[in-house]
Structure formats: C-alpha cells, structure tokens
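The sequence shown begins at 294 in our numbering and counts up one residue at a time. Inspection log for the structure reproduced underneath, given as structure tokens.
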Amino acid sequence: MEEIFQHFRKDEQQFIEQASDWLQDVEDMYAPKLTDFLDPRQRFIVKSLIGGRDVQMAASGLFGQAERQRVLLHPSYYVPEERDFQITMFELRYPAKFVTLKHPDILGALMSLGLERGKFGDIRIDDGIVQLAVMAEIAPYLRANFTSAGKVKVQLEEVGDPADYLPVIEEWTEQAHTVSSLRLDTVMSSVYNISRQKAAALINGGKVKVNWTAQESVSFELHESDLISTRGLGRVQIIAIEGRTKKDKIRLQVGKLELKK
Numbered sequence: 294m295e296e297i298f299q300h301f302r303k304d305e306q307q308f309i310e311q312a313s314d315w316l317q318d319v320e321d322m323y324a325p326k327l328t329d330f331l332d333p334r335q336r337f338i339v340k341s342l343i344g345g346r347d348v349q350m351a352a353s354g355l356f357g358q359a360e361r362q363r364v365l366l367h368p369s370y371y372v373p374e375e376r377d378f379q380i381t382m383f384e385l386r387y388p389a390k391f392v393t394l395k396h397p398d399i400l401g402a403l404m405s406l407g408l409e410r411g412k413f414g415d416i417r418i419d420d421g422i423v424q425l426a427v428m429a430e431i432a433p434y435l436r437a438n439f440t441s442a443g444k445v446k447v448q449l450e451e452v453g454d455p456a457d458y459l460p461v462i463e464e465w466t467e468q469a470h471t472v473s474s475l476r477l478d479t480v481m482s483s484v485y486n487i488s489r490q491k492a493a494a495l496i497n498g499g500k501v502k503v504n505w506t507a508q509e510s511v512s513f514e515l516h517e518s519d520l521i522s523t524r525g526l527g528r529v530q531i532i533a534i535e536g537r538t539k540k541d542k543i544r545l546q547v548g549k550l551e552l553k554k
C-alpha cells in the first residue's frame with residue numbers, strides 16, 4: 294500500500310484505502326460492487342488501482358457525458374446493464390416563470406438535507422428546467438424531504454425516458470501546453486494565458502478550486518485528471534501528462550471550458 298500512496302497525494306490516502314477495499318471485496322466475493330457518485334479524479338484513482346486484478350470497471354451518471362458517475366466494479370464474467378447503476382433521474386417542478394433557480398440553490402438544498410456529495414450526481418439546468426441524478430437508494434427520502442430550493446417550493450418528478458434527459462451544453466476544447474512545472478500557479482498561467490502573479494492573486498483570493506475544493510496554495514502540485522475551476526475564467530481539466538521536451542519542459546494535454554459571455 295505504501296508503494297501506491299507515493300503516486301498520489303496525502304489527502305487522497307483515505308479514498309485509496311476505501312477503493313482498495315472495494316477491489317478486494319470484488320475479488321473475494323467474485324461479485325459486483327457499486328460505489329457512490331465519483332468525480333473524474335476519483336474514477337482515475339480507482340482505474341489506476343485495478344492494475345492486473347481480475348476486476349473490470351464500468352461507470353454511469355445517466356446524463357450523457359456526466360461529470361459525476363457511479364462506478365460498478367465487477368469480475369470479468371459479469372456484463373453490466375444500465376439498471377445495475379441504480380440511479381434515478383428527477384426533474385424539479387417549480388414556478389419557473391417567476392423564479393430562476395441556479396446550481397448553488399439546488400446544491401445547497403441537497404446539502405441542507407444532510408446528504409453527502411457522493412449521494413447525487415450531476416445537476417443540469419437549461420431554460421428553467423432543472424434535472425438531477427441521484428442514487429436510487431435515496432430517491433424516496435428526497436421525494437419526501439426535498440420540498441424547497443432557493444426559498445422556492447419545489448416538487449420532484451421522476452424522468453422515465455432517457456430521451457428527456459437534458460443534454461450536455463458545455464463545449465470543451467482540447468489544447469496542448471508546455472509548462473516548466475505542475476505547480477498550480479504555473480499551469481494556470483499557461484492555460485488561462487495570464488501572468489503567474491495574476492494566477493497567484495486568484496489562488497490567494499480563494500477564487501480557485503481543484504477537484505471541487507478551494508485551493509489556496511500556489512505551489513499545489515497538479516496530477517493527471519485534476520479539474521481546475523477559476524471564478525471568472527472557467528474550468529480546465531488535465532487530460533494527460535505526456536512527458537518532457539528536450540528542454541525538460543512538461544507537455545500537457547488539457548480540456549478547457551470557456552465561460553459563456
């Protein structure tokens with residue numbers, strides 16, 4: 294386990310231990326194991342831990358191109374089906390003509406019910422329509438208790454037809470960058486085309502998140518699959534670290550989501 298830890302961050306050790314236990318359970322029981330909703334970095338870690346084990350990995354978030362997905366770890370004999378992921382899609386009914394609900398309103402309402410972030414997946418909002426993917430296990434609890442968001446009364450209605458799921462409306466572009474290090478301020482300077490001083494000011498000002506957690510250390514070292522979200526500048530994901538150039542620079546492949554003007 295110590296050899297595994299050295300490839301990841303110290304604050305990821307608890308998740309690594311948990312994921313290792315999942316994989317061991319699949320091998321010992323020779324049966325599938327379903328996780329909560331995992332973000333891209335967590336799924337990357339799970340995939341890295343599988344190695345040569347006789348365990349395969351499938352994932353779904355119901356939405357097309359879902360950011361957060363439940364993972365089904367299973368022996369090679371097992372063929373996963375969509376129903377195995379046990380996800381319910383809800384749409385919020387509320388007076389959309391008079392009120393505008395935003396992502397923080399929905400997220401805050403869910404968290405106020407005592408739910409951990411892994412219990413629900415993506416939240417999509419488009420033209421007054423709000424949909425969210427949740428663990429089927431908590432669907433009855435949400436039906437009974439999720440009655441307001443942003444001071445507005447809401448009602449949950451299950452979306453039964455996948456054709457009615459909101460599509461992804463974000464457009465990512467892939468870019469190649471060359472950086473001197475994987476420090477957060479250095480990578481931000483390159484991908485956002487700003488000075489390192491400006492990047493440092495944004496980080497120190499609490500305007501930068503890495504993997505959905507505020508990060509205020511300019512020297513924080515980024516890893517593959519990390520997602521950077523910067524207020525006012527959009528989001529960037531480290532798709533791949535592709536080695537070094539002859540001048541010892543690091544080659545990165547990133548996905549960039551520009552903010553809509």
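Beta carbons: idealized from backbone N, C-alpha and C, even for Gly.
In this structure, DSSP gives V547 an extended state, which the three-state scheme calls strand.
Remark: C-beta atoms of V339 and E320 do not approach each other more closely than 8 angstroms.
In the DSSP secondary-structure assignment, S522 is bridged to K502 and R528. Annotation note: the segment 319-397 contains the following uninterrupted alpha helix (DSSP H) runs of length 4 or greater, listed N- to C-terminal: 333-343. When beta bridges are read from the DSSP output, D419 appears opposite I422. Here I534 is bridged, per DSSP, to L545.
By the Cβ test, the segment 440-449 is not in contact with the segment 484-494, since fewer than three Cβ pairs between them sit closer than 8 angstroms.
Of H367, A352, S369 and G401, the smallest CA-CA separation from R361 is found for A352. Linking G536 to I416 through their CA atoms gives a straight-line distance of about 35 angstroms.
Nearest to L475 by C-alpha distance, out of G498, I532 and F513, is F513.
Scanning its chain for C-beta atoms nearer than 7 angstroms, with the 5 sequence neighbours on each side dropped, one finds around S369 the residues D347 and Q349, in chain order. Apart from the 5 residues on each side of it in sequence, E430 sits with its Cβ closer than 7 angstroms to the Cβ of Q379 in its chain, given in chain order. The three-state secondary structure of T440, taken from DSSP, is coil. Pairing F383 with L449 gives a Cβ-Cβ distance under 8 angstroms. Where A456 is concerned, there is no enclosing alpha helix (DSSP H), because DSSP gives it neither an H nor an E. Assignment of E305 by DSSP, reduced to helix, strand and coil, places it in the helix class.
Nearest to Q335 by alpha-carbon distance, out of R544, G525, A456 and E517, is E517. Three or more beta-carbon pairs separated by less than 8 angstroms link the segment 520-529 to the segment 488-505, which places the two stretches in contact.
Burial check for A507: the Cβ neighbour count within 10 Å stays below 16, so the residue is exposed.
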